[in-house]
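Before any comments, here is the structure.
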Amino acid sequence: MFISGLGHVLSISGYHMAVVAGVVFFAVRALLALVPGLTVSFPIKKWSAAAALAAAAFYLLLSGAEVATQRSFFMTAVVLIAVMVDRRAVTFRTLAVAAMIVLTIAPEALVHPSFQMSFAATLGLVALVQIGMPRLFASPDNTATARVALWGGREIATLVLASLVAGLATTPYAAFHFHRVTPYGVLANLAAMPVVSAMVMPAGLLGLVAMPFGFDGVFWQTMGIGIDWMIAVTQWVAGLPGAIGRMAAFGIGPVIAASAGIILLGLLRTPLRWSGAAALMLAVVWALAVAQPDVLVSGDAHNVGVRGKDGRLHLMRTAKDAFLLKEWLAADADDRQPADASLAEGVSCDEAGCVTQMADGAFVALALRPDALTDDCERAALVVTARQASPLCPSPVIDRDRLRSQGPIALRRTRTGFAVDAVRPRGVDRPWSPAVAGDTEAEAILAPRPAIPPPADATPAEADQQMED
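880 is the number of the first residue of the sequence shown in the working numbering; add one for each residue after it.
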């Protein structure tokens, strides 16, 4: 599902909430429109919006009210309330109000992928509706034939453009958080989403309503046919060449640049909006130019990944952590699995520890015993150990105290040593991640230390002791 770009169908979030509210809104409005007296005398559109809001709230409770679903409900509620108070529903102001409500309730949502992707996609769709569609479908020909052709072409083009815009708007965040892009996402959405929207979701809602009366069987069968079609599309798209688009990890800078580009393209109406395209191009180049780490160290020092001469990671490990290795490989745009035998190529291990070479031929050692730690300090360019290392070790060391205070660490080889990128950098003090006592300065480079000679033995020589006696 995620390879084909249809993973959002499984997430109870914006799409499901919009379909539930939309189906209820149009169904209630159609039923009320059958009564001429109601249509003429009462605001049935507002009544339909109120019914849709109640249905969305019920769906929120039915789904478990997860964080992503709550955000989707708030966005849907703002749109429906706008309808009830005679305001335009699909506007940038509506989107801004929904974002402010979400961030007021849960400020930490700003860094979550679901918030970023849902609002980026919605911003793109609102811009498409308000700016792109009127210009694209403006036609001077008012004949009946032209109107029919325009209507058919408009529906198809709307579906294509909506899938394309939403997919492109969410790509930077999918690449940043999941290290994956979906080259055929538009194709999969075009083939599957009309069936999901027109068959699967309405049949599910009708089945839920008909269940107490025992008439739900036909609706579940209809829903199953639509799901089978979606699965067939997923398998077909996932099997296409190059369907798995992997992206190596990059920092927050390209994401900020991409976000600025999306906002400029979506909000501005003047030619200045094309500066957003330049920002997006900058984000792409920036993300592709990020250098990958040469050494990765887990928080418990049981797993150490070292980039070898072949440019791929090789693993020294004393414990199996399939999830960690899967994340490391995904962040490195590596399609290997944690059980792949090639991960251990070039790695030598014994009871005392492990050792392997980096791309420049220097050795990285994982020391398990104190005697091995002493030997590795004399030979290796970097020593990793779960023990407390001696301050006399001349080699750069990642030991127990450093891992305890900084967490997992990524290192890049430099001329003077190793550039340190830790989960909790030294000297960084945040309310949600307080600095460790005594860590007041950030350590950007882990360099070899000058050898400290052992302290001289102050015990008098045996001959001197005999003379004193």
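For every residue, glycine included, the Cβ atom is placed at its ideal position computed from N, Cα and C.
- Task: Kindly indicate which three-state DSSP category V1276 falls into: helix, strand or coil?
- Result: strand
- Go ahead and label S1269 buried or exposed: buried means 16 or more other beta carbons lie within 10 angstroms of its beta carbon, across all protein chains shown. exposed
| task | List the whole-angstrom C-beta distance separating A1006 from G1145, where the pair is believed to meet the contact cut-off of C-beta under 8 angstroms. | result | 4 angstroms
* Could you tell me which residues DSSP puts in a beta bridge with C1349? => What is shown of the chain runs 880 to 1348, which leaves residue 1349 out entirely.
- request: Using only alpha-carbon positions, find the residue among F905, S942, A912, S920 that is nearest to A928.
  value: F905
For this session: Please report the residue range of the beta strand (DSSP E) in which F1297 lies.
Result: 1297-1301
Using a Cβ distance threshold of 8 angstroms, determine whether the stretch 908-917 contacts the stretch 947-958, with at least three qualifying pairs required.
no
A1128 vs A1210 beta-carbon contact at 8 angstroms: Yes.
Worksheet item: Any idea what DSSP makes of G1124, helix, strand or coil?
Response: In the structure shown, G1124 sits in a strand (DSSP, three-state: E or B).
| query | Roughly how many whole angstroms lie between the Cα atoms of I1110 and S1221? | reply | Pairing I1110 with S1221, the inter-Cα distance amounts to about 33 angstroms.
Inset, instruction - Would you kindly report the start and end of the unbroken beta strand (DSSP E) that includes R1292? - result: 1288-1292
Best match in D1308, R1309, A1260 for proximity to L1325 [C-alpha to C-alpha]:
A1260
* Under 8 angstroms Cβ to Cβ from S1177, same chain only, skipping five residues before and after it: list those, please. => Correct list, in chain order: V1183, D1200, L1203, P1287.
Exercise for review: Count the other CB atoms, across all protein chains shown, that sit within 10 Å of the CB of A1067; report buried if there are 16 or more and exposed otherwise.
Suggested key: buried
* Cα-Cα separation between A1089 and D1214, rounded to whole angstroms -> 46 angstroms
Could you check if S1227 is buried or exposed, using at least 16 other CB atoms within 10 Å of its CB as the buried criterion?
exposed
Quick check: A930 and V899, are their CB atoms within less than 8 angstroms of each other? no
Query raised in the report: If you scan the stretch 1111-1192 from start to end, which runs of the beta strand (DSSP E) of 3 or more residues do you find wholly inside it?
Result: The qualifying runs are 1174-1176, 1182-1186.
- Query: Less than 8 angstroms separating the beta-carbons of A1158 and L1143?
  - Reply: yes
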